[in-house]
Structures are given as structure tokens and as C-alpha cells.
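A.B. asks:
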Amino acid sequence: MAPLLTASDLRARYGWTRVLHGVSFDVEEGGITTILGANGAGKTTTLRAVSGLVSTEGAVHFAGRRIDGRAPEDLVRAGIAHVPEGRGTFVGLTVEENLRLGAYARRERTRGADDFERVYQYFPILRERRRQVAGTLSGGEQQMLAIARGLMLRPRLLLLDEPSLGLAPLVVREIFRIVRAVNRDQGVSVLLVEQNAAIALELADHAYVLETGRVVLAGSPAILKQDDAVRRSYLGY
Amino acid sequence: MDIFLQQVVSGLATGGIYASLALALVMIYQATDVVNFAQGEMAMFSTYLAWSMLNAGLPYWVAFAATLALAFVGGLLIERIVIRPVENAPVLAVVIVCIGLLVILNSVAGWIYSYIQKPFPSPFPNAPIKLGNVVFGAHDLGAIGITLVVLLFLYVFFRYTTLGLAMRAAAQNPVSSRLCGVRVGWMLAIGWGLAALVGAVAGIMVAPIVFLDPNMMAGILIYAFASATLGGFTSPGGAVVGGLLVGVIENLVGTYVRFIGTELKLTVALAIIVIVLVVKPSGLFGRVVVRRV
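So the protein lines, in turn, are chains A and B.
This note's numbering applies: residue 332 is where the first sequence begins, and numbers increase by one.
This note's numbering applies: residue 326 is where the second sequence begins, and numbers increase by one.
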């Protein structure tokens, strides 16, 4: 079966600075793929290229269609939910309003109570806080809200940009457990970009390592965990 | 006491008009960080459109509704055609564009309709309404009512509809909104349209009081600036409260402070702007915006 998402030879730059030098990767349907890398390796840019926030050279195919050069507003409607770096919370709106915005792009008008129920099942804390202004949530709760907002789209592909950033290890565990459950129960494919290699490799079934805008390693997590360079640089043992 | 009550009510009536225009300013400021200096002239032009339709024999409320619709479309087009190209330009460029718009609308109105003042009808009866010993102008009470209806409509729209929610989201966090599928550019255009509509209501309500001429909104716009500054440029509710306060303060000062009278009323607005900016620059209800540079 062809992969759900294929990126080939992505090149991107901000002004004169090249950030991606020909990045290629696949995301299998129903799987969790992770892209690891240090600060400035180009992970965020790669995600932004997929969701149309930065323009790139190279090709991106999603579900058999070429999508590079299309606007993010259209890609959302095609079923790609991007949970951005820094969570992208609407801090002045309530939790419930944030979630309603997540479903904004859905075509069918049946979105309603059961969608809220579904995400509240995964994130019970959001149900308790639903009338609260989102800016008053803790960092972990805001990350949960960001993922829940993405799920309100009922996406085929969920792009997660460093969900572990700035969170306590226990909260990170909890969030990753939920991502795993969502992937398993809802069949949502996940592309996860992470600095925290240890936990990302535990979750993913395919991994890429990005260094200064190039893919330097690819393979199954089991193999990558054995790789000396990965162990030294990202796992710390 | 009776005079006091009368002045308060009539202050609330003009205050409601200031509040509408201030709200239009705040809506655009919140969405696009632009202070729309042409807001008053847009309202004036809409009022002339209403005058033309009334002159052509349309019933008052039909002309009223048609004017609001035209104002909405006009505001939308102005954003798309004039403001959008300078979207990412420095603030000063946008200010210049707005001032250009002000001059153009003013001159075009003068060219089409001449600068001679025209009377503009009120939909409310001429006879004052008596409650006990106090006499209220029917137009004053009517203007307060219309303003309240408009405010209620806006509140419900922004609070309860999906489109209103999307517009608030687009103003707050454009990137996140795009990732939710919100077409941010259109939300801004609709915001301009709504602001123009609210401004048109203000123009139509104030025209019977100040008479219709191309410069009729110049003073009103300054009151609206005073209202928005007093309430806080970051708070729509604040702009409304600010408008009502400015209207009442202006009227009471004009009545009770002999040397100000009606001639120096506008000075009150300027004094309010200066005092607020010196004492509490964020206004009564605004938040202090901290910007990382």
C-alpha cells in the first residue's frame, strides 16, 4: 500500500538561509512516524512545509494527491491537522471555543456533542475546564487542548510539533500515552517531530533523524536505538 | 434635578452614537492593529446614501436596511482593495492610506452632494415624550434604543455564531486560525464590513441632530476617539461604556460649567483623551499590551 504522506526532496529557506536541503520521508497510513533532531535541525520547518505554512521546492503527496503549494486552510479541509510549535492556543477564548475552532473546517454539519464527548474521553481535564479561558490553563493542559483541537477535525493525519516541550516528564508520559491511544482507536496517522528521542522512539513505528536540514538516518526505532551515533547524540548513553 | 435627568438621557443618546463609532474603531483596531481614521467619513458617506434613497421615495426603514447592507459591502470592498495591499506595510503607511481614504470620501461626497447642509429626517415623532416633569426628546430615546439593538446584535453574533468565533480567533492568533481552516483575510474583510455597518447606524442616528454635510462626522470621530481611549482600545465593551460616559460628561459639563457652554464642548473630548493618556493609557477596561521587540 502506498504511504499516506510522501515528501520528496523538500527544500526550504527563510530569506537567504537554507533550512532544508532535500528532505524525503514517508508516513504510513495508520502508523506513527517520528522525525528526531536537535534544535535548528529543520524539524518545525518540515512540518510547516507539509501543512503549507512555508513554501518549499520539492513535492508532497497526501493520499495520492500532490499538495505542495496549497494553502493551509485547504489542507486542513483535506484532513491534515497541525498542532503547532508553542501549542497555538487561543488564549483569550474558552476551552470549549478552542475546540469548536478545531472543528471549524469540517464539512459535515453533524459536528456536535459526540465530538466533544470523544475528545473529553481522552482528556477528562478539559471537560472540567471547558468554560475556563484557555490562557489560564497550565502548560500541560494547553498541550492537551492543542491536541484535542486537532482531533476535533477528525483528521486523517495529525502533525505534532514537539508536544513534550517544557513539560514535566510525568505529563509528557501521559500525553504520549493518549497519542498512542488515539492512533490505535481512531486510526489517525501521526507525524511526530521531537527532540526527546527516548520517548519518541518508544512510541513510533518508524523514525527519521534530521541534522542541519538533511535526513541522516532512517529506520525502525529498534534499529535506531542500537545506532551508536543516535545513542550518543540523542539518548545520552 | 429634572434638567439633570434630561441632560443625562440626551447625553446617553449622543453617547450611544459615539459608542457605536468607537466600537467600529475598536473592532478594526483589534483585528488589524489599524486605527481607521476614515471611519467617520465612511459613516458620513453611508448617511448620504440613505439620504439619496429617502429622496427617491423609499420608506425610512427600507432605506435604513439598504444603507446598512451597502455600508457592509462597501467596508468589505475597502478592506479588500485599499487596505489589503498594505497589510504588511509599516503602521505609518496604513495610517496614510486611511487618511487618504478620509480625504477621498470627504471630497467625493462634497462633489456629488455639495457642501451645503441638508436636513435629515428622524424616524421618531417630533413631539417630546413626557415622563412626570421630565421631557425627553423622542429622537434621543429612539437613538438609544437603536444603539442597544445594534450592540445586542453584535454581542450575539460574536459570542454565539461560528463565524463570530472565527473572527475573534483570526484577530487573536492568525496562524493558529489558518491551521484551523479559518480564512483570516476574509475574516478581516468581514470585520471592516461590520465596522462600516455600525458606523452607518451612527451616521444615520446623528444626522438629524447635526444636519447632513460632508464634514458632519469630524467632531463625532473625535468624540469616538475619546470614547475608545477612555474605555480602552483593546476592549469592545470598554468602548461602549466609554462612549456613553463621554456623551453624558460632555452634556453635563456643557450644561453646568458656564464658560464651556455648547461652543467649547469638543474641548471636553480632547481633554478626556489627554487626561486618559496621561493617567491610564490603557483606558478603563483595556489591557496593557506588552510587545517583545
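Glycine residues also receive a C-beta, built at the ideal position from the N, C-alpha and C atoms.
1) Should ALA434 of chain A and LEU489 of chain A be called a contact, given that it needs their Cβ atoms to be closer than 8 Å?
2) Looking at the secondary structure, which residues open and close the alpha helix (DSSP H) in which ILE597 of chain B lies?
3) Which residues, taken in chain order from the region 492-510 of chain B, show a beta carbon closer than 7 Å to some beta carbon of chain A?
4) Verify the CB distance criterion: does LEU490 of chain B have a CB-CB separation below 8 Å to chain A?
5) Could you name the residues of the same chain whose beta carbon sits closer than 6 Å to that of LEU379 of chain B, not counting the 5 residues immediately before and after it, in chain order?
6) Which residues of chain A have a Cβ atom closer than 8 Å to the Cβ of THR487 of chain B, listed in chain order?
7) Might you give, ordered along the chain, the residues of its own chain that have their beta carbon closer than 8 Å to the beta carbon of ALA512 of chain A, omitting 5 neighbours on each side?
8) LEU336 of chain A lies in the beta strand (DSSP E); which residues open and close that run?
9) So for ILE363 of chain A, helix, strand or coil by DSSP?
10) What are the boundary residues of the beta strand (DSSP E) that LYS455 of chain B is part of?
11) Specify the secondary structure class of SER501 of chain B as computed by DSSP and reduced to three states.
12) With DSSP collapsed to three states, give me the class of THR420 of chain A.
13) Would you say PHE507 of chain A and LEU532 of chain A are within 8 Å of each other, going by their C-beta atoms?
14) Check the C-beta distance from GLU366 of chain B over to LEU430 of chain B and give it rounded, since I have them as a contact under 8 Å.
15) Let me confirm a value: ASP327 of chain B is counted as buried when at least 16 other C-beta atoms fall within 10 Å, else exposed. Which label applies?
16) Leaving out five residues on either side along the sequence, give the residues of the same chain with a beta carbon under 8 Å from the beta carbon of LEU484 of chain A.
17) Compare the C-beta of ASN489 of chain A against all C-beta atoms of chain B and say whether one is closer than 8 Å.
18) Taking Cβ-Cβ distances below 8 Å as the criterion, which residues of the region 370-400 of chain A are in contact with chain B?
19) How many Å lie between ILE406 of chain B and GLU388 of chain A at the Cα?
20) Mind reading off the beta-carbon distance from THR425 of chain A to GLN463 of chain A? Whole number of angstroms is fine, and I expect it under 8 Å.
21) For the ligand MG, is there any heavy atom lying closer than 7 Å to the beta carbon of ALA444 of chain A?
22) Using a threshold of 8 Å, state whether the C-beta atoms of MET541 of chain B and MET352 of chain B are closer than that.
23) Does any residue of chain B bring its CB to less than 8 Å from the CB of GLU404 of chain A?
24) When you compare only the Cα positions, how much space is there between HIS392 of chain A and GLY400 of chain A?
25) Please list, in chain order, all residues of the same chain as CYS423 of chain B whose beta carbon is under 6 Å from its beta carbon, the five residues on each side excluded.
26) Determine which residues share a DSSP beta bridge with LYS305 of chain B and list them.
27) Considering PHE461 of chain B, what are the terminal residues of the beta strand (DSSP E) in which it resides?
28) Excluding five sequence neighbours on each side, which residues of the same chain lie with their C-beta closer than 8 Å to the C-beta of ASN370 of chain A?
29) Ignoring anything shorter than 3 residues or poking outside the region 476-516 of chain A, list the beta strand (DSSP E) runs there in chain order.
30) Indicate the three-state DSSP secondary structure (helix, strand or coil) for ILE530 of chain A in the structure shown.
31) Exposed or buried, ALA560 of chain A, counting other C-beta atoms within 10 Å across all chains shown (16 or more means buried)?
32) Whose Cβ in chain B lies nearer than 7 Å to the Cβ of GLU428 of chain A?
33) Check whether the region 339-348 of chain B touches the region 390-400 of chain B, taking contact to mean three or more Cβ pairs, one atom from each stretch, closer than 8 Å.
34) Only counting the same chain, and skipping five residues up and downstream in sequence, which positions put a Cβ closer than 6 Å to that of ARG409 of chain B?
35) Does VAL582 of chain B come out as helix, strand or coil in the three-state DSSP assignment?
36) With 16 other CB atoms within 10 Å as the buried threshold, where does SER382 of chain A fall?
C.D. replies: By the coordinates alone:
1) As a position in the first sequence, residue 434 of chain A is number 103, starting the count at 1. As a position in the first sequence, residue 489 of chain A is number 158, starting the count at 1. No.
2) Taking the second sequence and counting its residues from 1, the one referred to as residue 597 of chain B is at position 272. Where ILE597 of chain B is concerned, the enclosing alpha helix (DSSP H) stretches over 590-604.
3) ARG493, ALA494, GLN497, ASN498, VAL500, SER501, ARG503, LEU504, CYS505, GLY506, VAL507, ARG508
4) In the second sequence, residue 490 of chain B corresponds to position 165, counting from 1. It does; some Cβ of chain A falls within 8 Å.
5) Working through the second sequence from its first residue, we reach residue 379 of chain B at position 54. If we look at LEU379 of chain B and ignore the five residues flanking it on each side, its Cβ neighbours are ALA388.
6) Along the second sequence, one-based indexing puts residue 487 of chain B at 162. What THR487 of chain B touches in chain A: ARG431, TYR435.
7) Indexing the first sequence from 1 puts residue 512 of chain A at position 181. Take ALA512 of chain A, set aside five residues on each side of it, and the residues of its chain with a beta-carbon closer than 8 Å to its own are TYR453, in chain order.
8) Taking the first residue of the first sequence as position 1, residue 336 of chain A is located at position 5. It spans 336-345 - the beta strand (DSSP E) in which LEU336 of chain A sits, taken as one unbroken run.
9) On the first sequence, residue 363 of chain A is found 32 positions in, with the first residue counted as 1. If DSSP states are grouped into helix, strand and coil, ILE363 of chain A belongs with the strands.
10) Sequence index remark: in the second sequence, residue 455 of chain B carries index 130 (1-based). Looking at the DSSP string, the run of the beta strand (DSSP E) that includes LYS455 of chain B is 454-456.
11) Residue 501 of chain B sits at position 176 when you count from the first residue of the second sequence. Three-state DSSP puts SER501 of chain B in a helix.
12) Position 89 of the first sequence holds residue 420 of chain A. Three-state DSSP puts THR420 of chain A in coil, outside helix and strand.
13) Taking the first residue of the first sequence as position 1, residue 507 of chain A is located at position 176. Taking the first residue of the first sequence as position 1, residue 532 of chain A is located at position 201. With respect to LEU532 of chain A, PHE507 of chain A sits apart: the two C-beta atoms are not nearer than 8 Å.
14) For the purposes of this step, residue 366 of chain B is taken as the residue at position 41 of the second sequence. For the purposes of this step, residue 430 of chain B is taken as the residue at position 105 of the second sequence. Confirmed, Cβ separation roughly 4 Å.
15) As a position in the second sequence, residue 327 of chain B is number 2, starting the count at 1. So ASP327 of chain B counts as exposed.
16) One-based indexing of the first sequence puts residue 484 of chain A at position 153. Here the set comprises VAL407, GLY410, ALA412, GLY433, ALA434, ALA436, ARG437.
17) Residue numbering aside, residue 489 of chain A sits at position 158 when the first sequence is read from its first letter. As written in the sequence, residue 489 of chain A is Leu, which differs from the Asn given in the question. So, not an interface residue.
18) SER382, LEU384
19) In the second sequence, the residue the question calls residue 406 of chain B occupies position 81. In the first sequence, the residue the question calls residue 388 of chain A occupies position 57. Distance between the alpha carbons of ILE406 of chain B and GLU388 of chain A: 31 Å.
20) Within the first sequence, numbered from 1, the residue matching residue 425 of chain A stands at position 94. Within the first sequence, numbered from 1, the residue matching residue 463 of chain A stands at position 132. THR425 of chain A to GLN463 of chain A, Cβ: 6 Å. Contact.
21) With respect to the ligand MG, the structure offers nothing, as it holds no ligand at all.
22) Start at 1 with the first residue of the second sequence, and residue 541 of chain B comes out as number 216. Start at 1 with the first residue of the second sequence, and residue 352 of chain B comes out as number 27. Not closer than 8 Å, so no.
23) Numbered from its first residue, the first sequence carries residue 404 of chain A at position 73. For GLU404 of chain A, the answer is yes, since a Cβ of chain B falls inside 8 Å of its Cβ.
24) The sequence position of residue 392 of chain A within the first sequence is 61, counting from 1. The sequence position of residue 400 of chain A within the first sequence is 69, counting from 1. HIS392 of chain A and GLY400 of chain A have their C-alpha atoms roughly 11 Å apart.
25) Counted from its first residue, the second sequence places residue 423 of chain B at position 98. Once the five neighbours on either side are set aside, the close Cβ partners of CYS423 of chain B are ASN361, PHE362, ALA363.
26) Here chain B covers residues 326 to 618 and nothing more, so residue 305 of chain B does not appear.
27) Looking up residue 461 of chain B in the second sequence gives position 136. It spans 459-461 - the beta strand (DSSP E) in which PHE461 of chain B sits, taken as one unbroken run.
28) Indexing the first sequence from 1 puts residue 370 of chain A at position 39. Counting only Cβ-Cβ distances below 8 Å, and skipping sequence neighbours, we find GLN526.
29) 488-492
30) To locate residue 530 of chain A, count along the first sequence from 1; it is residue 199. In the structure shown, ILE530 of chain A sits in a helix (DSSP, three-state: H, G or I).
31) Counting from one through the first sequence, the residue named residue 560 of chain A turns up at place 229. When all chains shown are included, ALA560 of chain A counts as exposed.
32) The sequence position of residue 428 of chain A within the first sequence is 97, counting from 1. Correct list: LEU490.
33) Counting Cβ pairs under 8 Å, fewer than three are found: no touch.
34) The residue labelled residue 409 of chain B in the question sits at position 84 within the second sequence. The answer is none, since no qualifying residue turns up.
35) Reading the second sequence from its first residue, position 257 is the one you call residue 582 of chain B. DSSP places VAL582 of chain B in coil when its eight states are reduced to three.
36) For the purposes of this step, residue 382 of chain A is taken as residue 51 along the first sequence, with counting starting at 1. By the neighbour-count rule (16 or more Cβ atoms within 10 Å), SER382 of chain A is buried.
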